[in-house]
Amino acid sequence: MSKVGIASYGITKFSKDDSKIESVLLQSTKKLFDNSPNLSRNDIDAVLVSTNNNSKYLSAVLSEMSGIEPKIAHSVESLCNSGTNAIVSAYSYIAAGLADVVLVCGAERYDSPGQILEWDNSRGEFK
């Protein structure tokens, strides 16, 4: 099994500005590449986006906006575990030999509605 590690990061400030979730994801991805001059967009084999935002296809959108052409791209949406599950998925892709470098990007907006489950609604949680 391959050794797996975190090579770099990009982070944005917490804010209440009205940027779209796609812009927030792109900002942190740009900072990642700024922090890692030896990392090329061509090195990225997979793009995983972790969020509770209701926007669709964010991994494909982020890949396109940032000039990455990954073999694998998908979103990870599992409420509070989204970030952890994205990291576990990235680890698994690398350890299994399916990818060498995985970009994991997570973002939330201050007003992200999250996922309200039908079950929660049915028992009166959000009335």
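Here the sequence shown is numbered in the working numbering, starting from -15 and rising by one per residue. Yeah, the Cβ is synthetic: ideal placement off N, Cα and C, and Gly gets one too.
- Counting of Cβ neighbours within 10 angstroms places threonine 35 among the buried residues, the total reaching 16 or more.
- The DSSP-derived three-state label of serine 34 is strand.
- Considering only Lys0, Asp27, Ala80, Asn37, the residue with the shortest C-alpha distance to serine 62 is Asn37.
- Residue environment for alanine 91: buried (at least 16 other C-beta atoms within 10 angstroms of its C-beta).
- For leucine 46 against glutamate 6, the beta-carbon gap comes to about 7 Å, under 8 Å, which counts as contact.
- Per DSSP, the unbroken alpha helix (DSSP H) holding leucine 42 starts and ends at 42 to 50.
- Collapsing the DSSP output to three states places valine -12 in coil.
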